[in-house]
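Here the sequence shown is numbered in the numbering used here, starting from 10 and rising by one per residue.
Glycine included, every Cβ here is placed at the ideal spot set by N, Cα and C.
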Amino acid sequence: MSETKTAEQLAGEVKTAFKESLDAVKGIAEEALGKAKSGETLTQSVKEKADEALLKMNGLQEQLAEVEQKLARAGDGTKEAEKTVGQRFVDDEKVKEFLGQAQPRGRVDIQVKATLTSATADAAGAVGAGVQPTRLPGILPLPQRRMTVRDLLSPGQMDGSTLEYVQETGFTNNAGTVAEAAAKPGSDIKLAMKSTTAKVIAHWMKASRQVLEDIAQLRSIIDERLLYGLAFKEETQLLNGDGTGQNLLGIIPQATAYAAPIVLAGETSIDRIRLAMLQAVLAEYPATGHVMNPIDWTYIETLKDAGGNYIIGVPQGNIPASLWGLPVVQTQSISVDKFLTGAFRLGAQLFDRWQARVEIATENEDDFIKNLLTVLAEERVALAVYRPEAFIYGDFGRVA
Numbered sequence: 010m011s012e013t014k015t016a017e018q019l020a021g022e023v024k025t026a027f028k029e030s031l032d033a034v035k036g037i038a039e040e041a042l043g044k045a046k047s048g049e050t051l052t053q054s055v056k057e058k059a060d061e062a063l064l065k066m067n068g069l070q071e072q073l074a075e076v077e078q079k080l081a082r083a084g085d086g087t088k089e090a091e092k093t094v095g096q097r098f099v100d101d102e103k104v105k106e107f108l109g110q111a112q113p114r115g116r117v118d119i120q121v122k123a124t125l126t127s128a129t130a131d132a133a134g135a136v137g138a139g140v141q142p143t144r145l146p147g148i149l150p151l152p153q154r155r156m157t158v159r160d161l162l163s164p165g166q167m168d169g170s171t172l173e174y175v176q177e178t179g180f181t182n183n184a185g186t187v188a189e190a191a192a193k194p195g196s197d198i199k200l201a202m203k204s205t206t207a208k209v210i211a212h213w214m215k216a217s218r219q220v221l222e223d224i225a226q227l228r229s230i231i232d233e234r235l236l237y238g239l240a241f242k243e244e245t246q247l248l249n250g251d252g253t254g255q256n257l258l259g260i261i262p263q264a265t266a267y268a269a270p271i272v273l274a275g276e277t278s279i280d281r282i283r284l285a286m287l288q289a290v291l292a293e294y295p296a297t298g299h300v301m302n303p304i305d306w307t308y309i310e311t312l313k314d315a316g317g318n319y320i321i322g323v324p325q326g327n328i329p330a331s332l333w334g335l336p337v338v339q340t341q342s343i344s345v346d347k348f349l350t351g352a353f354r355l356g357a358q359l360f361d362r363w364q365a366r367v368e369i370a371t372e373n374e375d376d377f378i379k380n381l382l383t384v385l386a387e388e389r390v391a392l393a394v395y396r397p398e399a400f401i402y403g404d405f406g407r408v409a
């Protein structure tokens, strides 16, 4: 088996051949110079010999330069270049000894020092630069709560900042049968002027002009997030606003407390919702929907009878949430163990002074010269609760 030569050995051989070629060229040159001094004419054979020697010397010079460059890249010119795994296997002494046997049997292994890793450093075995990341298109948004309370209410538009309406606060019904020529009974009605103002709900983000232009989807993400933030805050205000400062006066603070019109033995959460509906009917405002926390709705849906069958839940179905024929709105804006039942469209109305909108502007000189933009989302709304007795608010009674 022929011996594999190292880079240093090959470089030495090329240097030796180059020196021999150079000496030959020098000898031919000295010979030609001597003949020229003595006036002799150079023969054609001498010229051809000189040309051949020069071509050989130039070729060896190029080979020598190439070998020296390879040695320099491998280290300081004395260190052998990094070998591949296959080269290490062929050059290994144990492998050579195994293959040199007349009838090789068994197995042979070698230890490769450089372990292939995902590192990106300039080191043996570092192949991380060749790993291409998997990049999913677009931007994955955060989850959003479904907004539904606004859909239960009657929509409206208003002019100006103040909304005034007349609310009936009392009625005495003395209607009755009347004999011929007898005086008719009189009834009384009590009215009160109510006033509320439109409140602004707003927030903003700062972004550079470059990022909005370079990431096409980012503008729509910002718009969507800002509008979602408005709806999130609006829903909380519609239910729970306390009317102080810049807060709306929500439905729950004005609602009528739950008081069971009748007593049921073993009353369940489903029963309590039905009794709340009855309370609204007795107030002459038939309910049109229910609002409860998702935890409470899950509890109701998973109630079972004595035989282990779901009472209203349909695990394999896709029926919209409803109870006693009315839609159920699930929102975390209402506390756990609480419910709101009522005549939403008749009892209250939501007025938009400013529709929810998104605007972009350069607000000041500093932003202008820095290519910064302000993205603003805002709305201005007012809530009128015409009939507080149209809404029944209470507890399920499961949480102490």
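Review point. Between which two residues does the beta strand (DSSP E) harbouring L381 extend?
Key: Its beta strand (DSSP E) spans residues L381 to V394.
Review point. Looking at the structure shown, is M286 part of a helix, part of a strand, or coil, going by DSSP?
Key: Residue state, collapsed to three classes: helix.
Point to revise | Candidates I210, D404, A184 and D32: closest to A285 by CA position | key: Looking at the Cα atoms, D404 is the closest of the given residues.
Exercise for review: Quick one: using the 10 Å Cβ neighbour count with 16 as the cut-off for buried, is Y267 buried or exposed?
Suggested key: Counting Cβ neighbours within 10 Å, Y267 comes out buried, since at least 16 surround it.
Review point. How about L349 and V290: do their beta carbons lie closer than 7 Å?
Key: Not a contact, by the Cβ cut-off of 7 Å.
**Study point:** Residues bridged to T181 (per DSSP)
**Key:** Beta-bridge partners assigned by DSSP to T181: D197.
Review point. Looking at the structure shown, is E276 part of a helix, part of a strand, or coil, going by DSSP?
Key: Correct three-state label for E276: coil.
Check your understanding: My guess is that L392 and G259 are in contact by the Cβ rule of under 8 Å, so how many angstroms apart are they, rounded?
Key -> With a contact defined as Cβ atoms closer than 8 Å, L392 and G259 qualify at about 7 Å.
Point to revise | Cβ-based neighbour list, G252, same chain, cut-off 6 Å, excluding 5 preceding and 5 following | key: Once the five neighbours on either side are set aside, the close Cβ partners of G252 are L258.
Practice item. For the segment 293 to 313 and the segment 327 to 345, state whether three or more C-beta atom pairs, one from each stretch, are separated by less than 8 Å. Key: When C-beta atoms of the segment 293 to 313 are compared with those of the segment 327 to 345, three or more pairs fall below 8 Å, so the two segments count as touching.
Exercise for review: With distances taken Cα to Cα, identify the nearest neighbour of F377 among A216, A188 and E388.
Suggested key: Checking every option, the nearest Cα to that of F377 belongs to A216.
Check your understanding: How is the alpha helix (DSSP H) around D101 delimited, first residue to last?
Key -> Careful: D101 lies outside any alpha helix (DSSP H) and carries neither H nor E.
Check your understanding: Three-state secondary structure (DSSP) at P295?
Key -> Three-state DSSP puts P295 in coil, outside helix and strand.
**Study point:** Counted within 10 angstroms of its Cβ, other Cβ atoms place F400 as buried (16 or more) or exposed
**Key:** So F400 counts as buried.
Exercise for review: Could you say if the segment 185 to 192 and the segment 227 to 241 meet the contact criterion of at least three C-beta pairs nearer than 8 Å?
Suggested key: Two segments are said to touch when three or more pairs of C-beta atoms, one from each, lie closer than 8 Å; by this definition the segment 185 to 192 does not touch the segment 227 to 241.
Practice item. Could you tell me if E29 is buried or exposed, where buried requires 16 or more neighbouring beta carbons within 10 angstroms of its beta carbon? Key: By the 10 Å Cβ count, E29 comes out exposed.
Check your understanding: Among V345, A33 and T245, which residue has its Cα nearest to the Cα of N256?
Key -> When only C-alpha atoms are compared, the closest one is T245.
Point to revise | A211 versus E388: straight-line alpha-carbon distance, rounded | key: Between the alpha carbons of A211 and E388 lies a distance of about 6 Å.
**Study point:** Nearest-angstrom Cα separation, counted from D314 out to I224
**Key:** C-alpha separation (whole angstroms): 55 Å.
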